[in-house]
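Going down the list, the sequences are from chains Y and U.
Each residue of the first sequence is one higher than the one before, starting from 15 at the first, in our numbering.
Each residue of the second sequence is one higher than the one before, starting from 32 at the first, in our numbering.
Report on the following structure.
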Amino acid sequence: MIAIVFGLRLGRWGVVGFSLAAFVSTLIQTVGFYQIAGHTPGERIAFGNSILALASQFSALFPPPIRPDTVGGYVEFRGFHPLAILFAVWALASATGAARGDEERGIVAAALGTGISRLGLIAARTIAFAIGVVIAAAAAAAGFLVGVASGHESVSPLGVIEASGLLVAVGLSCYALSLLVAQLAAVRVATAAAGVLLLALFLLNSLSRVFDSLSMWRWLSPFRYYDLSQPLPLGGHFEARAVVVLVGVSVVAAAAAAAAFEFRDLGSALVRPPRRASRVSNTVSGAAWWRWPVWRGVFERRIATAVWAVGMAALAIVFVSLTRTIVQVLLSIPSLLPYLSIFVRQQVYPGVLGFTWFNVAQLLFAAMAITYVARWSAEDSDGRLELALSQPISRAAVVVERVATLVACALVIVAASGATLYYASHVQGIDLNAGRVVAASLMLIPFALVFASAGSLLAAWNPRAAVGLLGAFAFASYLDTELGSIYKLPLWVQDLSAFKLFGTPLLTGVDGRNLALLLLLSLVGLASSILAMQRRDVGA
Amino acid sequence: MLPEMAAPAIRTSRLTKDYGVGRGLFDLDLQVSAQEVFGYLGPNGSGKTTTIRLLMGMISPSHGTAHVFGLDCFREAVEVKRKVGYLPGDVPQFGSLRGSEVVAYLGGMRGGVDRRRVRALAERFDLDLGRRFREYSSGNKQKLAIVLAFMHEPDLLILDEPTSSLDPLNQQEFYALLRETRDGGATVFLSSHVLSEVEHVCDRVGIIRDGRLVRVAQLDELRRIRVHRVEIEFAPDTAVPETPIRDAEGVEEVTISGQRVTCTVRGGFEALMRAIRDAQVVDFISTEPSLEEIFLSYFSERKPKALPP
């Protein structure tokens, strides 16, 4: 019991942050539905059709909605489905942190030293996460119910419970799978390996909606079992057997993780390649990179940057392939033809590719910025910042070097993904304007810079809470662009969202005003973080 | 000699860092001369690391000033650090970086690394720089921290409990390195909670407790503070020399139980050894009490008493 409480204590910021995000997300989407869906049956049906058309562009991410003309169908699609992805990311971070991050910090050894068994420790951390994810799913349900009450409607409580249960089940299964991978892999690749597995399982399921050849394998993906139910809308359905499968996956994977933990040494992977005998070395690394500011940071992150670059290039290829399929589907709907020709002025492919790929690229770059900020916060708590500042280097230089390193690594990723996007499009017969591809890809740099500078400020102000707060900022920024026009927020508020300021550069080119605003926001964040860093106590 | 080198290596004036509820450092007036090895002695939580972080400009003082070679520790932190080698109390985590990469990374921030110096230090402490930091034992991590502090031959070394995690052989090697460094013209500010350690290497000692500097003592004064608990077991057929032991200078709190004598010894052991030289001893155990116990024996809880003459 104490171990469970301890697990909850260690993950309290995750529980608070994701519960808050879940509540706000479903509340805003529900209230937003009543703002934009209209009040007459005719208005609602028209609205539902427009959502169905929109949803076809997101088929690689979410299953098509059922009855989006109802509040349940709409919020299931816009609120609960994205939360399933969010909870999977939370599960990944939480499981690898519990399995290997805490091991690095000595927390696992200390816990085992108290007499708890390895099986008991795995069970306690899994139960602690389960409690956390139940709280967050309940928050999502509460947000939905409060929103529905504001619209003076009522929904089936059973459907709400089932939708929340699905979130818990998918979160828990992702946690257990990540926990298992973290036991098998070496410490430094544990998070990446678990992330690759979850991403592969997610893409396996979502791409199977587009590519029939994948449908025979989608039973492997926990996201498939999540998709089988849509309990919120009228006429929706709930597959209890799918939830049983997800719980079964969770139990089996957690048990396998516990077994792997029993057989491995602390600090080591279960499977270790034989180590080559090496001679003792007393020499300093001769790599010239270490001497130059920024380059030393890039060199240190070279493997992670390469993984990001290759991963995003691969995703670019997937999205180019998807674009062709999606556009063919859209063009086959006669009623959409006038809409498409007006909206994108004959540039259907760049329009859809710009919308889908660069939306995902923005989310990934925001996530990348958050991982950098997580690293900066960790440097504060593990003493690396203190040792860096014991060298003749100013605090301002540390802040600037951190952000400049992020920009340099982002440039590498942008170059790889942009070039791949252009080449893959060319191969698929989609002619993109090369200048626009370069401009749109480069626009991701100031976009990431906004989050990096905000994160830098938060890391200087309160390193322990920086990642959670930046995640909330990114989420709010995303909601701002999604809902700003619906709620008729003032323009200046909408302009605070980096997602909004990114615009549609592949279709319409880079908006100079938006670029200037992105750079201005970044500069303000950077200057503030330098001031905050200079005033704060380090290591205290 | 540069003008600032004429200034004391360290000078603090009413230096205070108040964390509230009586925690922190209060009104520290301290001066450490150049080429001096200064020990900073205090129990855990007494304010040693706070003092060091103030000197390193990591934290800002609530009030008061701190100067290193005449430079303000907070406002001129970069210049200060050009002259300082720092060993933190907790060695930071460098994850998958190899020892050689950590040295190159932090050396790069100083504009470069003296590779021969690093090699000599690594060989001296038998440190394999080719291994990943994650694979290092705590002792090896501490050795790496020593290399990082000494690699640029700084004018001032600020060392926070530098021998923690080192085995006795490496502790001796470290003490030898400190003496060589001092002889080479550097100043050393070393914190510790082990009295015998500062006695080994320091010229003067500052004693801190509850955030206040209790006393700055010369080494001979320190020796008077030093107390050992001694247990002596005499052979069964030997008469216990009770009177000579009780009369011996510096020997107190004598308890005799059969052939076993326990007592405390203040200062040196010469008088006690003379008292027992004619008896056959089968066991002799000397232990150093904790610093807190020494303080309790010399200073009242609230108000420090004067040291014995």
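Just so it is clear, CB atoms sit at the ideal spot from N, CA and C, and this is done for glycine as well.
Please read these numbers as outputs of a predicted model, since none were measured by experiment.
Query, Result
"Between which two residues does the alpha helix (DSSP H) harbouring Ile50/Y extend?", "Arg26 to Ile50"
"Three Cβ pairs or more, each shorter than 8 Å: is that satisfied between the segment 125-144 of chain Y and the segment 157-177 of chain Y?", "no"
"First and last residue of the beta strand (DSSP E) that includes Ile80/Y?", "Run containing Ile80/Y: none; DSSP gives neither H nor E here."
"So Leu534/Y and Ser470/Y are supposed to be a Cβ contact under 8 Å. How far apart are they, rounded?", "The Cβ separation is near 16 Å, so there is no contact."
"Would you mind reading off the limits of the alpha helix (DSSP H) that contains Thr385/Y?", "Val362 to Ser395"
"Should Phe465/Y go down as buried or exposed, given a rule of 16 or more other Cβ atoms within 10 Å for buried?", "buried"
"So Ser542/Y and Ala480/Y are supposed to be a Cβ contact under 8 Å. How far apart are they, rounded?", "Actually they are not in contact, since the Cβ atoms of Ser542/Y and Ala480/Y sit about 13 Å apart, beyond 8 Å."
"Return the chain-ordered list of same chain residues with a C-beta closer than 7 Å to the C-beta of Glu35/U, the five sequence neighbours on each side being excluded.", "Only weak support is given to the placement of Glu35/U: the predicted model assigns it a pLDDT of 45, under 50, and the value that follows is read from those uncertain coordinates. Once the five neighbours on either side are set aside, the close Cβ partners of Glu35/U are Phe100, Gly101 and Leu102."
"Got a sec? Which residues, its chain only, sit under 7 Å from Thr194/U by beta carbon, not counting five neighbours each side?", "Gln202, Phe205 and Glu228"
"Kindly give me the distance between the Cβ atoms of Phe94/Y and Gly185/Y, rounded to whole angstroms, as I take these residues to be in contact under 8 Å.", "In fact, because the Cβ distance is near 12 Å, the residues do not count as touching under 8 Å."
"Hey, would you say Pro119/U sits closer than 7 Å to Asp191/U, going by beta carbons?", "yes"
"Quick one: residues in its chain with C-beta nearer than 8 Å to the C-beta of Thr47/U, no 5 flanking neighbours on either side, listed in chain order?", "Gly55, Leu56, Phe57, Asp58, Leu59, Pro92, Ser93, His94 and Gly95"
"Report yes or no: do the segment 67-78 of chain U and the segment 233-240 of chain U share at least 3 C-beta pairs separated by less than 8 Å?", "yes"
"Using a Cβ-Cβ cut-off of 7 Å, state whether Gly161/U counts as contacting chain Y.", "yes"
"Rounded to the nearest angstrom, how far is the Cβ of Gly365/Y from that of Leu521/Y, given a contact under 8 Å?", "5 Å"
"Check whether the segment 415-430 of chain Y and the segment 317-333 of chain Y touch, using three or more Cβ-Cβ pairs below 8 Å as the test.", "yes"
"Go through its chain and collect everything with a Cβ distance to Thr82/U's Cβ below 6 Å, but skip five positions before and after it.", "Leu56"
"Hey, quick one: how far does the alpha helix (DSSP H) through His259/U stretch, first residue to last?", "Run containing His259/U: none in the alpha helix (DSSP H); it sits in the beta strand (DSSP E), Val258 to Phe265."
"Distance cutoff 7 Å, beta carbons only. Does Val224/Y sit that close to anything in chain U?", "no"
"Under 9 Å between beta-carbons, which chain U residues line up against Val387/Y? List them in chain order, please.", "The contacting residues do not exist; Val387/Y stays about 17 Å from chain U at best."
"How about Ile253/Y and Met89/U: do their beta carbons lie closer than 7 Å?", "Checking the displayed sequence, the identity of residue 253/Y turns out to be Glu instead of Ile. Contact: no."
"In its own chain, which residues sit with a C-beta less than 7 Å from the C-beta of Ser467/Y, not counting the 5 before and 5 after it?", "Val417, Ser536, Gly539, Leu540 and Ser543"
"Are the segment 274-292 of chain Y and the segment 185-203 of chain Y touching, with three or more C-beta to C-beta distances below 8 Å?", "yes"
"Please return the same chain residues whose Cβ sits closer than 7 Å to the Cβ of Leu234/Y, not counting the five positions on each side in sequence.", "Leu215 and Leu218"
"Of all the options Leu86/U, Arg163/U, Met140/U and Ala153/U, which has the alpha carbon lying nearest to the alpha carbon of Ser292/Y?", "Arg163/U"
"Which residue or residues does DSSP assign as beta-bridge partners of Ser64/U?", "None, per the DSSP bridge assignment."
"Taking the runs of the beta strand (DSSP E) that are 3 residues or longer, which of them lie wholly in the segment 145-217 of chain Y?", "none"
"Could you please give the first and the last residue of the uninterrupted beta strand (DSSP E) stretch that includes Cys294/U?", "Arg291 to Arg297"
"Within the 7 Å Cβ cut-off, does Arg316/Y reach chain U?", "no"
"To the nearest whole angstrom, what separates the beta carbons of Ile575/Y and Gln49/Y, a pair I think is in contact under 8 Å?", "This structure gives no information on residue 575/Y, because the portion of chain Y shown stretches from 15 to 554."
"Looking at C-alpha atoms only, which residue of Phe461/Y, Ala473/Y, Glu90/Y and Ser220/Y is the closest neighbour of Val387/Y?", "Ala473/Y"
"Apart from the five residues just before and just after Gly209/Y, which ones in its own chain have a Cβ nearer than 7 Å to its Cβ?", "Leu106"
"Going residue by residue through the segment 255-319 of chain Y, where are the continuous alpha helix (DSSP H) segments of at least 4 residues, counting only ones entirely within it?", "309-314"
"Are the CB atoms of Val182/Y and Val160/Y within a distance shorter than 7 Å?", "no"
"Tell me whether His53/Y sits in a helix, a strand or coil according to DSSP, three-state version.", "coil"
"How long is the line joining the alpha carbons of Arg84/U and Thr218/U, rounded to whole angstroms?", "17 Å"
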